[in-house]
Amino acid sequence: MSDTLRPINRPRLYEQVVASLRDYVSSSGLRTGDRLPPERELAERLGVSRASVKQAIVVLEVQGLVEVRHGGGSYLLRDTLDTEPVAALVERRRRLPDVLEAREAMETKLAELAAERRTAADLEAIEAALRHMSAEIEAGGIGMEGDRRFHAAVTAAARSSLLAEFMGMIAEQITESRAESLRQQGRPRRSLEQHRRIAAAIRAGDGPRAVSAMRRHVRTVSRVRLLTWEPADED
Numbered sequence: 000m001s002d003t004l005r006p007i008n009r010p011r012l013y014e015q016v017v018a019s020l021r022d023y024v025s026s027s028g029l030r031t032g033d034r035l036p037p038e039r040e041l042a043e044r045l046g047v048s049r050a051s052v053k054q055a056i057v058v059l060e061v062q063g064l065v066e067v068r069h070g071g072g073s074y075l076l077r078d079t080l081d082t083e084p085v086a087a088l089v090e091r092r093r094r095l096p097d098v099l100e101a102r103e104a105m106e107t108k109l110a111e112l113a114a115e116r117r118t119a120a121d122l123e124a125i126e127a128a129l130r131h132m133s134a135e136i137e138a139g140g141i142g143m144e145g146d147r148r149f150h151a152a153v154t155a156a157a158r159s160s161l162l163a164e165f166m167g168m169i170a171e172q173i174t175e176s177r178a179e180s181l182r183q184q185g186r187p188r189r190s191l192e193q194h195r196r197i198a199a200a201i202r203a204g205d206g207p208r209a210v211s212a213m214r215r216h217v218r219t220v221s222r223v224r225l226l227t228w229e230p231a232d233e234d
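Every letter in the sequence shown is one number past the one before it in numbering that gives the first Met the number 0, and letter 52, counting from 1, is 51.
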């Protein structure tokens, strides 16, 4: 039998609510820090259940676009609600644990080797990355480029061509995990402080301390809202 007649996929109701909220924020001129209407009001105005609205808000929260305050409503963390497709979120959620596992295995070893092999030039590159990340955060950013430079400097200081090659192979996935982590509330400054502890251990030539500091850091990176999200199949 021909398989050309297949079920038509249509956006889930909560995905349609997400799209409506995006249009609402754009047309109403809401900005970062502004509060969205209460869930009950949104449900009434959109003609959907509160469950659908709640699911939509969770999708926005997972993407770091809104902050949900217990008993206090939902507040914009960006000027827009430009979201990625739910299917992309689901796929990233699927592969993120494997990426974080690989990061912990490789980056702890890289930190240990960096503590043993670093040169004065390596230490300067690490410090420059920390300064860059700090400046990004002070300017209101999340420190993405500084974070990337820091881990690249640690990798270079380890002088392990094969580990560096492995890191390069998953660079795109590492960037995803970095973005996922740094858009958590309060995470950029915490990550910067953890980077400073890693740098101090490397500077001191203390391999075990560098391993411990890097492990704590990567495990902090793994604590993201996305991994606690259970995508709804239907309303």
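Ideal Cβ positions, reconstructed from N, Cα and C, are used throughout, including at glycine. These numbers come from a predicted model, not from an experiment.
Linking ARG21 to ARG91 through their CA atoms gives a straight-line distance of about 22 Å. GLU100 and GLY46 have their C-alpha atoms spaced approximately 43 Å apart.
About 4 Å separates the Cβ atoms of ARG208 and ALA200, confirming a contact at the 8 Å cut-off. In the three-state reduction of the DSSP assignment, GLY28 falls in the coil class, being assigned neither a helical nor a strand state.
Residues ALA156 and ILE201 of the same chain have their beta carbon placed closer than 7 Å to that of ARG117, with the five preceding and five following residues left out of the count.
Burial state of VAL89 is exposed, judged by a 10 Å Cβ sphere holding fewer than 16 other Cβ atoms.
ARG195 carries a helical assignment under DSSP once its states are collapsed to helix, strand and coil. In the displayed model, ARG49 falls within a helix according to three-state DSSP.
The three-state secondary structure of GLU66, taken from DSSP, is strand.
Put simply, the region 155-170 does not touch the region 52-70. Fewer than three CB pairs are less than 8 Å apart.
One Cα belongs to THR79, the other to GLY145, and the distance between them is close to 24 Å. SER27 counts as exposed, since fewer than 16 other C-beta atoms from the protein chains shown sit within 10 angstroms of its C-beta. Looking at the backbone, the Cα of ILE197 and that of GLY140 are separated by about 22 Å.
Residue PRO36 holds the alpha-carbon nearest to the alpha-carbon of GLY71 among SER160, ALA86 and PRO36.
Taking 7 Å as the cut-off, the beta carbon of GLU106 is found closer than this to the beta carbon of VAL217. Annotation: GLY139 is outside any alpha helix (DSSP H) and is labelled neither H nor E by DSSP.
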